[in-house]
Structure formats: C-alpha cells, structure tokens
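Basically my numbering = 1-based index in the sequence shown + 1.
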Amino acid sequence: MTRRKRSRETSPSDRPLVVNGWQIFAHPLFLDQLARLVAAVELESRKDPDGYKSGANAKLLASIHKLAFETIPEDPSRAVHRQGNTLGGELRHWFRAKFGRRRFRLFFRYRADPKIIVYAWVNDEQSKRTYGSKSDAYAVFKAMVDSGNPPNAWDDLLEACRKAAPSQPLSRLRDLIHRFGL
Numbered sequence: 002m003t004r005r006k007r008s009r010e011t012s013p014s015d016r017p018l019v020v021n022g023w024q025i026f027a028h029p030l031f032l033d034q035l036a037r038l039v040a041a042v043e044l045e046s047r048k049d050p051d052g053y054k055s056g057a058n059a060k061l062l063a064s065i066h067k068l069a070f071e072t073i074p075e076d077p078s079r080a081v082h083r084q085g086n087t088l089g090g091e092l093r094h095w096f097r098a099k100f101g102r103r104r105f106r107l108f109f110r111y112r113a114d115p116k117i118i119v120y121a122w123v124n125d126e127q128s129k130r131t132y133g134s135k136s137d138a139y140a141v142f143k144a145m146v147d148s149g150n151p152p153n154a155w156d157d158l159l160e161a162c163r164k165a166a167p168s169q170p171l172s173r174l175r176d177l178i179h180r181f182g183l
C-alpha cells in the first residue's frame, strides 16, 4: 500500500480559519500583538487563577477575540468600521474596529469576492488613541503602512499572511484564548 504525502497546501496550519463564510487571515504584526497579549494573560492566570479575568490584559484579549471572530465576520463592511480619511484618502480601503473605551483599534481589510478578511494590526497601551500625538494609533498605523509593513497592496498583504500562517497559526492563538474562558 502506497502512502500519499500530505501536500503542504492542504496542511491544517496553512488553511485559514473560516468564520461566517469569511476566510480569516492575520498579518504577522497582528499575530505578534496577539501572542504578546496571550503570554501576558497566561502569566497573570498563573499568578492569580481566580482574579486574572478581571485584569486589563484579559479584558483586552476578550475584546479582540469577540471582534476578530464574531463581530467583524458578521459584516466587515459595516459603516462603523470605516475610518474615512483619518489615515489619508489613499488609505480609505483600510477599516478599523474601535474598542476598549474607544482607545484601541483593530485595523483590517476585506474583500467580498472571495470572502476574505485580513487582520493587520491592533494597537497596544503604547499606541492608544490620542488625537494629534505621534503615538496615536492612527499615526502609528499610517507610518507602518507607509513603510510597507503591513503592505498596502492587497496581494502583498495576503502573501505576508500566508507566509506567517505555518509558524503562527491564528487557530492556535484562538484556541489559547478559548482555554482562558474569556
């Protein structure tokens, strides 16, 4: 009996998550932020198993999880996600979800055909929404896009996500978040 080699293209880590019919991809910048947050919550859960869920990191992680895997995939085109000209007219195709008392932003793009959502970056405590500040979430994200990381071109953005998928599968991070019961 001959065994067939499993092709790399069909390995589970290469396949995107699918939520509400949307393929979900994540750029390494988003994955890195999420991994740091998961690590912080893991540490807090070991230090305070009964109270860690009420901490800022756990609440932030729960909010990101709800946005990324429930709210945004319900309808990424919602008007509430449009950022208008905040990043400049040439970047209007980028969307964002506001959360955490309007201090945090999850930046993403989507395509309706095929149904794909790409999460690019979520800001942290060092880059909260502060109008006019150099560390403002929009200013930081615009500088990142202008420097090419994350790429502004759709195909390049998707390719960067596909390259990151085997080393940091989004499904693994989602499973870790579920483990915390958030």
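We put the CB at the ideal spot given by N, CA and C, even for glycine.
On a predicted model such as this, the values are computed, not experimentally measured, just so you know.
Identified DSSP bridge partners for residue i
i	result
valine 119	Phe26 and Arg110
arginine 83	Phe96
phenylalanine 105	Phe100
leucine 18	Ile25
C-alpha gap between residue i and residue j, whole angstroms
i	j	result
arginine 4	proline 170	Residue confidence is low: arginine 4 scores 48 on pLDDT, short of 50, so the model does not pin down where it sits. No coordinate-derived value is stated.
arginine 103	aspartate 114	30 Å
proline 142	proline 29	The sequence shown places phenylalanine at residue 142, rather than the proline named in the question. Whole-angstrom Cα-Cα distance: 14 Å.
alanine 41	arginine 93	33 Å
glutamine 84	isoleucine 73	14 Å
isoleucine 1	aspartate 51	In the structure as shown, the chain begins at 2 and stops at 183. Residue 1 is therefore absent and cannot be evaluated.
phenylalanine 108	aspartate 49	31 Å
histidine 82	phenylalanine 96	5 Å
leucine 44	aspartate 176	17 Å
phenylalanine 181	serine 46	8 Å
proline 151	valine 20	23 Å
glutamate 160	serine 136	28 Å
alanine 59	asparagine 86	32 Å
glycine 149	alanine 27	16 Å
leucine 174	serine 55	20 Å
leucine 38	methionine 145	20 Å
aspartate 147	glutamate 75	29 Å
tryptophan 155	arginine 16	18 Å
Residue from the options with nearest C-alpha to residue i
i	options	result
glutamate 126	Leu61, Leu44 and Asn86	Leu61
histidine 179	Asp147, Lys67, Ala57 and Leu30	Lys67
tryptophan 23	Phe70, Arg79, Ala138 and Asp51	Phe70
tyrosine 139	Arg37, Asn150 and Leu88	Leu88
serine 78	Arg112, Leu177 and Val146	Arg112
phenylalanine 100	Lys135, Ala57, Asn86 and Ser136	Ala57
leucine 183	Tyr53, Asp49, Pro151 and Arg173	Tyr53
alanine 165	Asn21, Val20, Asp33 and Glu45	Asp33
glutamate 91	Asn153, Val39 and Ala121	Asn153
isoleucine 117	Arg163, Ser148, Ala144 and Asp137	Arg163
Under 9 Å between C-beta atoms of residue i and residue j
i	j	result
valine 119	arginine 110	yes
serine 64	phenylalanine 105	yes
leucine 158	alanine 121	yes
Inter-residue CB distance, residue i and residue j (contact presumed, cutoff 8 Å)
i	j	result
serine 172	leucine 18	5 Å
Contact test: residue i Cβ vs the ligand ZN heavy atom, cutoff 8 Å
i	result
serine 136	Summarising the ligand content, the structure contains no ligands, and the ligand ZN is consequently not present.
Cutoff 9 Å: residue i Cβ touching any chain C Cβ
i	result
alanine 27	Absent from the structure is chain C; it holds one protein chain and no more.
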